[in-house]
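**Student:** With my numbering, letter number 13 in the sequence shown gets 498, and the count goes up by one each step, no holes.
Have a look at this one before I ask anything.
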Amino acid sequence: MPSDFNNQIIGLVRFSFPALSGFGKGGQDIAEREAFLFDPARLERRFYLFEKLCLPSLLAQTDSDFIILFLIGERMPPKAVARLARLIAPLKDARIIQRQSGHNYGAVCKAFDEVGAVGFTHRTSFRLDDDDALSCTYIERLKQTARDLKPMCRPKSPVAVAFNRGFYVEVQEGENTVIDASERTPVSVGSALFAEVSEPQNIYARNHRFLGQFFNLYSDVGVPNFIRTIHADNDSKPSIVGLSNMMSPQTVAEEIAANFPFEIAELKSL
């Protein structure tokens, strides 16, 4: 790649950040929202899925050269902050951004702005939730996709990237259900925005399902990329928009083992 291309890869996870917008649960004012998000039982459930899914998938990346931000509220319980810091310490470049509660996108933009981009020509921002997982080759594939899409990425014209093939895990009493899916519109897990560094927008600028309405959009369905959990704490009700249940149980198990740092038995027992 010519020297005029240097792409910064940076993701952001909102870890129980009490935003003033972008939530469907947790009350209408900030005090109610913080009480809801920081409830000890709820936090424990979030940490459980983070430790079982999200974090292992980040640690298992075949390319570890990326930045991952964890946006948290300034009044998150200190023990929870310390626990998060301990958990993410093994990652090559993970940073906790602790901010005052504010509107969702504004807080996200300020978090990204805290990370310098000196020496980079482009920045690719990606999104991830603390209860979901990425394939082991996600960063590697995202970088290659951005290289391939460079001719399309122009000033004031970023390119959205979606990885629309993966699995849903419905957490329920007894054994969980694992569903294969190939989505028609972008899913949140791993969706990204490839842009020149002068571009002020990041991947959280638009609802992930509507990325193709506002940006040129590239969709990768080559291999499974995401694991999305469905459980009682979901802020929005996940729904599959596209094809599902196309694989045999054996193929599902093989694809999960081949692309993620998990076996299907682990997902079924979450």
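No residue lacks a Cβ here, since even glycine has one placed at the ideal position from N, Cα and C.
Just to check my reading of the structure: Lys753 and Asn692 have Cβ atoms closer than 8 Å, yes? What is that Cβ distance to the nearest angstrom?
**Tutor:** Not a contact, Cβ separation roughly 31 Å.
**Student:** Less than 7 Å separating the Cβ of Pro640 from some heavy atom of the ligand ZN?
**Tutor:** This structure lacks the ligand ZN; in fact it carries no ligand of any kind.
**Student:** Along the alpha helix (DSSP H) that carries Arg527, what are the first and last residues, could you check?
**Tutor:** Arg527 -> alpha helix (DSSP H) spans Pro525 to Leu534.
**Student:** In the DSSP output, what is Ala618 paired with across the bridge?
**Tutor:** According to DSSP, which records beta bridges pairwise, Ala618 is partnered with Ile712.
**Student:** Suppose contacts are defined by Cβ-Cβ distances below 8 Å. Is Ile463 in contact with Glu658 by that definition?
**Tutor:** Nothing about residue 463 can be reported from this structure: the residues present for the chain run from 486 to 755 only.
**Student:** Kindly identify the DSSP beta-bridge partner or partners of Asp665.
**Tutor:** According to DSSP, Asp665 bridges with Phe652.
**Student:** Measuring alpha carbon to alpha carbon, tell me which of Leu534, Gly496, Pro503 and Phe490 ends up nearest Ala717.
**Tutor:** Taking only the C-alpha atoms, the option nearest Ala717 is Leu534.
**Student:** Label Phe648 either buried or exposed according to how many other C-beta atoms from any shown protein chain fall within 10 Å of its C-beta, with 16 as the threshold for buried.
**Tutor:** Phe648 is buried by the Cβ-count criterion.
**Student:** With DSSP as the reference, identify every bridge partner of Ser683, one or two as the case may be.
**Tutor:** In the DSSP output, where bridge partners are listed per residue, Ser683 has none listed.
**Student:** In chain order, what residues of the same chain have a beta carbon less than 7 Å from the beta carbon of Arg530, not counting five sequence neighbours either side?
**Tutor:** Answer for Arg530: Asp718, listed in chain order.
**Student:** Under the three-state reduction of DSSP, which class applies to Gly727: helix, strand or coil?
**Tutor:** Of the three classes helix, strand and coil, the one that applies to Gly727 here is strand, per DSSP.
**Student:** Taking the straight line between their C-alpha atoms, what separation do you get for Ala504 and Ser586?
**Tutor:** Ala504 and Ser586: Cα-Cα distance of roughly 5 Å.
**Student:** Keeping to the same chain, check which residues put their C-beta closer than 8 Å to that of Val593; ignore five residues upstream and five downstream.
**Tutor:** Excluding residues within five positions, the ones whose Cβ falls inside 8 Å are Leu497, Arg499, Leu556, Asn687 and Tyr689.
**Student:** For Gly558, does the three-state DSSP call read helix, strand or coil?
**Tutor:** Note: Gly558 maps to strand in three-state DSSP.
**Student:** Leaving aside the five residues before and after Lys577 along the sequence, list all residues of the same chain whose C-beta is less than 8 Å from its C-beta, in chain order.
**Tutor:** Once the five neighbours on either side are set aside, the close Cβ partners of Lys577 are Ser549, Asp550 and Phe551.
**Student:** Quick check on Met486: does DSSP put it in helix, strand or coil?
**Tutor:** Because the pLDDT at Met486 is just 43, under 50, the model does not fix this residue reliably, and the point stays unresolved.
**Student:** Excluding the 5 residues preceding and the 5 following Ser676 in the sequence, name in chain order all residues of the same chain whose CB lies nearer than 8 Å to its CB.
**Tutor:** Contacts found: Phe611, Arg612, Ala645, Val646, Ala647, Phe648, Ile688, His693 and Leu696.
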